[in-house]
Amino acid sequence: MSHYKAMIKPKKSSEELEAYINSKYEAANKYVETPELEELNMRLQEQQEVTQSLKAQADGKTGIIERALLTHKLGHTKKEVRKHVAVYKASIKKVTGESYQAEE
180 MSHYKAMIKP KKSSEELEAY INSKYEAANK YVETPELEEL NMRLQEQQEV TQSLKAQADG
240 KTGIIERALL THKLGHTKKE VRKHVAVYKA SIKKVTGESY QAEE
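So the sequence shown is numbered by the numbering used here: it starts at 180 and just counts up by one.
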């Protein structure tokens, strides 16, 4: 008879049971893919690409027009992009004393 007692598991307290259920629920939610989540991931990836491009252009690897196009990609209007181009050209002229020439 004593070996039957060993097979009986002690009952979990309600707090332990609730914690166990919550942990299983959270684990299951990690793997649920929703259209909203996919869209957010796409937007995040696009934002990271823009950020990488901005970092590259900060290193001087891209030109003024590309920089303006990146600001447009970030959600600015065409008018704002033109303004950015004008500001960038003016800053180039101020620093170098020469007007902006397209990088070829």
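Yeah, the Cβ is synthetic: ideal placement off N, Cα and C, and Gly gets one too.
Cα-Cα separation, residue i to residue j
i	j	result
alanine 269	glutamine 227	28 Å
alanine 206	leucine 223	23 Å
leucine 216	glutamate 259	31 Å
alanine 265	lysine 272	11 Å
methionine 172	serine 193	The structure shown does not extend to residue 172, since the chain is modelled only from 180 to 283, so the question has no answer here.
histidine 263	proline 214	35 Å
leucine 233	leucine 219	21 Å
threonine 195	tyrosine 204	In the sequence on display, residue 195 carries glutamate and not threonine. Between glutamate 195 and tyrosine 204, the C-alpha separation is close to 14 Å.
glutamate 225	arginine 261	22 Å
Other residues of its chain near residue i: CB distance less than 7 Å, five sequence neighbours each side excluded
i	result
alanine 198	none
Residues of its chain near residue i, where Cβ-Cβ distance is below 8 Å and the 5 sequence neighbours each way are ignored
i	result
asparagine 201	none
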